[in-house]
Amino acid sequence: MALAAVPIACEAATSRGLDEGLTKVDGGTLRGRLAKEVWSFKGVPYAQPPVGALRWRAPQPPKAWTGVREAATPGPICMQKIVPDNGVGPGLASEDCLTLNVFAPAGAAGRRLPVMVWIHGGGFVNGSSGAALYDGTQLARQGVVVVTLNYRLGRFGFFAHPALTAETPEGPLANYGLLDQAAALTWVQRNIAQFGGDPRNVTLFGESAGGMSVNRLMAMEAARGLFHKAIIASGLGREQGQSLKTAEASGEAFAARRGLKAVSAAQLRAVPAADILVAGDLNLFAGEAPILDGKVARQGPVAAFAEGAVAPIPMIIGSNDLELPAASAGLLLEKLIGVPEARKAAAIAGYGSPAAYAEHIATDLVFAEPARTLAKAHAGRGAPTYLYRFSVVSAKAPAGMSGAVHGADRQYVFQTLAASPWPTDERDAALAKTISAYWVSFAKTGDPNGPGRPRWPRYGDGDQLIDFTNAGPRAMATPNAAPLDALAASYPATPTSELGR
């Protein structure tokens, strides 16, 4: 599992062939496709297929292939229940899914461009890197190399059982999805120079479960040095994850439903993939992922940030202004996560009314308050930190949408408005160009600011953020500070009791 000390094996190799669409990586030679002045290389294996004896094991380096591998289409999506979501790409689901996609601007050979590595969301149970929503072309056109990756999902990616724990004396490896992400970052270190990227200037960014993954990787010792900046979008923060003991009990219950009692690791690996898929998805809000295995994931993000256990790298963090707008969803999540009764009156007062509390409690409890808390902790240790709120609502969005819902920011960051679930217009295109430029500037320099854009203040120079609104970006003091303060005060000063404990 030694992932951080990575020799850049291909760095010295020639990348002149990139201008002809050919490049050599670990495993062999790839042929890409040129469109809109960007070379794309899709479906590139960064690890061996995690099937058979490799199911529920740490990812292994990819095997070599002969000849030229055509890299025109994304690889299969990881095993998941297919849902109508624009974050799920085309293609069949398969356990053989550990691939990534690279987007490099034409003429990038030998240039050492900044690298942006994307981790998709989907509650750790769905999503894929090949979705049109995550096409890296427009980002790459701004002078960066973009990588999007698949990782194991659901019980293929987050699973524990005593039989599996027993075969890993170096420590349990229950978070296979996180290990996949670290393996992809290792691949980037070894190979990205072949696409004109700089392995010493890598920004890791993700949304929802992808943002949660960035949080975890910032605290993972084995991932230190694999990336140098972080962007966390709607990445929660108060979640703790389930204990290894609880996860192992869940694994035993799964085996029992299969009629397996005295279970060996080999028997578990022989269970058909389809049976694992229908056994039930992970419940993110019940804290079933990640698993606190004591090795890959040791503690929740708030505790890790508070203790300074995360990499002190430049960070952007934020959320959307109405991630989970339904009052019923808000009350349900409030019940799951819990605001102590003694603090509830103060929290309601901060919102001004019980109705406003019901509408915003889910968004603030799950997303906005943790993002601000993590920003405070990170900035307090001297790391450059930038907080944001995304409030854009397209003029053509469904009627009654009063705020930016969960995931609405992605098509603006990638400038992939054609993949939006609702129509967009020229104003949306202009906003997307601006928002994307902030992200790219941050990837290049560690500072999102640049000419022609409103200045984004560093967090810590006051309780400030930038709000991406329909009228454009606006720097301001945190607009809902009172209710966020009330929510933050409802937790212990030393983070121990968190979501999914």
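Numbering-wise (the numbering used here), the sequence shown opens with residue 717 and increments by one. Glycine is no exception: its CB is placed at the ideal position from the N, C-alpha and C atoms. Because the structure is a prediction, the values reported are computed rather than measured.
Please classify residue i: is it buried, with 16 or more other beta-carbons within 10 angstroms of its beta-carbon, or exposed?
{"i": "residue 1069", "result": "exposed"}
{"i": "residue 939", "result": "buried"}
{"i": "residue 799", "result": "exposed"}
{"i": "residue 1174", "result": "buried"}
{"i": "residue 1136", "result": "buried"}
{"i": "residue 1141", "result": "exposed"}
{"i": "residue 1046", "result": "For residue 1046, the pLDDT reaches just 49, beneath the cut-off of 50, and the residue's location in the model is therefore unreliable, leaving the point undetermined."}
{"i": "residue 750", "result": "exposed"}
{"i": "residue 772", "result": "buried"}
{"i": "residue 1267", "result": "With the chain represented from 717 up to 1217, any question about residue 1267 goes unanswered, as that position is not in the structure."}
{"i": "residue 1177", "result": "exposed"}
{"i": "residue 966", "result": "buried"}
{"i": "residue 1192", "result": "exposed"}
{"i": "residue 1186", "result": "exposed"}
{"i": "residue 837", "result": "buried"}
{"i": "residue 787", "result": "buried"}
{"i": "residue 1212", "result": "A caution first: residue 1212 carries a pLDDT of 47, below 50, which makes its placement in the model unreliable, though a value can still be read off. Its Cβ having fewer than 16 others within 10 Å, residue 1212 is exposed."}
{"i": "residue 776", "result": "exposed"}
{"i": "residue 1107", "result": "buried"}
{"i": "residue 808", "result": "exposed"}
{"i": "residue 758", "result": "buried"}
{"i": "residue 991", "result": "exposed"}
{"i": "residue 1071", "result": "exposed"}
{"i": "residue 1089", "result": "buried"}
{"i": "residue 783", "result": "exposed"}
{"i": "residue 1097", "result": "exposed"}
{"i": "residue 806", "result": "exposed"}
{"i": "residue 1160", "result": "buried"}
{"i": "residue 1145", "result": "exposed"}
Could you pull the start and end residues of the beta strand (DSSP E) that residue i belongs to?
{"i": "residue 842", "result": "Careful: residue 842 lies outside any beta strand (DSSP E) and carries neither H nor E."}
{"i": "residue 922", "result": "913–923"}
{"i": "residue 860", "result": "Run containing residue 860: none; DSSP gives neither H nor E here."}
{"i": "residue 946", "result": "945–949"}
Need the endpoints of the alpha helix (DSSP H) that residue i sits in, please.
{"i": "residue 1233", "result": "No information on residue 1233 is available, as it lies outside the stretch 717 to 1217 that the chain covers here."}
{"i": "residue 1112", "result": "That residue, residue 1112, is in no alpha helix (DSSP H); it is neither H nor E in DSSP."}
{"i": "residue 1200", "result": "1197–1205"}
{"i": "residue 870", "result": "870–873"}
{"i": "residue 1092", "result": "1085–1096"}
{"i": "residue 686", "result": "There is no way to answer for residue 686, as the model of the chain reaches only from 717 to 1217."}
{"i": "residue 1076", "result": "1070–1079"}
{"i": "residue 1129", "result": "1126–1129"}
Return the bridge partner residues of residue i from the DSSP annotation.
{"i": "residue 1104", "result": "1034 and 1182"}
{"i": "residue 744", "result": "741"}
{"i": "residue 749", "result": "756"}
{"i": "residue 959", "result": "1008"}
{"i": "residue 1191", "result": "1182"}
{"i": "residue 907", "result": "DSSP output for residue 907 lists no bridge partner at all."}
{"i": "residue 784", "result": "745"}
{"i": "residue 891", "result": "874"}
{"i": "residue 1208", "result": "DSSP, once it has assigned bridges, lists no residue as partnering residue 1208."}
{"i": "residue 761", "result": "815"}
Compute the minimum distance between the beta carbon of residue i and the heavy atoms of the ligand COA, and state whether it is under 7 Å.
{"i": "residue 737", "result": "Inclusion of the ligand COA in the displayed structure is not the case, the ligand content being empty and no account of it being possible."}
May I have a chain-ordered list of the beta strand (DSSP E) segments no shorter than 3 residues that lie completely inside the segment 786–834? 815–821
Ignoring anything shorter than 4 residues, give me the alpha helix (DSSP H) runs that lie fully in the segment 962–1033, in order along the chain. 981–986, 989–993 and 1017–1022
For the segment 923–937 and the segment 1011–1018, state whether three or more C-beta atom pairs, one from each stretch, are separated by less than 8 Å. yes
Segment contact flag, the segment 734–741 with the segment 836–852, C-beta cutoff 8 Å, min 3 pairs: no
With a cut-off of 8 Å, do at least 3 Cβ pairs link the segment 879–890 to the segment 852–859? no
Would the segment 825–839 count as touching the segment 1102–1113 if we require 3 or more Cβ pairs under 8 Å? no
Would you call the segment 760–768 and the segment 897–904 touching, i.e. three or more CB-CB distances under 8 Å? yes
For the 8 Å Cβ check, are there 3 or more pairs between the segment 1001–1011 and the segment 905–913? no
Across the segment 1082–1089 and the segment 1019–1037, are there enough close Cβ pairs to call them in contact, namely three or more that are closer than 8 Å? yes
I want to know whether the segment 1021–1034 touches the segment 954–974 - three or more CB-CB distances under 8 Å. no
Any chance the segment 813–827 sits against the segment 854–867, with 3 or more Cβ pairs inside 8 Å? yes
Should the segment 789–799 be regarded as contacting the segment 867–875, the criterion being three or more beta carbon pairs within less than 8 Å? yes
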